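S.K.: For reference, the structure I am asking about is given below.
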Amino acid sequence: MKDEYDLSKMKARPNPYAKLLKKQITININNEAINYFRNESKRTGIPYQTLINLYLTDCALKKKKLTMEWTPSVSE
């Protein structure tokens with residue numbers, strides 16, 4: 261190997277893996293959802309953050325449309 265290399269002659273090229281990189285964010289998730297994914301984590305042996313990412317990625321790739329039904333809360 262050479263002691264020194266001249267990197268100034270290298271041609272720049274885009275990172276082919278840039279689209280696969282993850283971005284750290286802050287998100288508020290209710291306890292029920294967290295507990296669900298933590299239990300699934302124990303069952304599958306996959307970290308719960310990874311399970312959440314896999315689920316959201318699956319939704320995005322399949323272009324799933326959100327559907328929500330609001331139920332009235334019960335007041336006593």
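Using this note's numbering, read the sequence shown as starting at 261 and increasing by one per residue.
From the three backbone atoms N, C-alpha and C, an ideal C-beta is built for every residue, glycine too.
These numbers were taken from a predicted model, which means no experiment stands behind them.
My assumption, with CB atoms under 8 Å, is that Phe297 sits in contact with Ile312. Please give the rounded CB distance.
M.R.: Here residue 297 refers to the residue found at position 37 when the sequence shown is read from its first residue. Here residue 312 refers to the residue found at position 52 when the sequence shown is read from its first residue. So it is a contact: roughly 5 Å between Cβ atoms.
S.K.: Whole angstroms are fine: how far does the CA of Cys319 sit from the CA of Tyr308?
M.R.: Translated into positions along the sequence shown, residue 308 becomes position 48. Translated into positions along the sequence shown, residue 319 becomes position 59. C-alpha separation (whole angstroms): 17 Å.
S.K.: State the DSSP-derived secondary structure class of Thr310, mapped to helix, strand or coil.
M.R.: As a first step, residue 310 is located in the sequence shown; it is residue number 50 there, counting from the start. Reduced to three states, the DSSP call for Thr310 is helix.
S.K.: For Gln284, I'd like the list of residues in its chain whose CB is within less than 8 Å of its CB, leaving aside the five on either flank, ordered along the chain.
M.R.: By 1-based counting over the sequence shown, the position of residue 284 is 24. Closer than 8 Å at Cβ, skipping near neighbours: no residue.
S.K.: Please classify Asn273: does DSSP put it in a helix, a strand, or coil?
M.R.: Within the sequence shown, residue 273 is the residue found at index 13, counting from 1. Rather than Asn, the amino acid found at residue 273 in this sequence is Arg. Here Arg273 sits in coil by DSSP.
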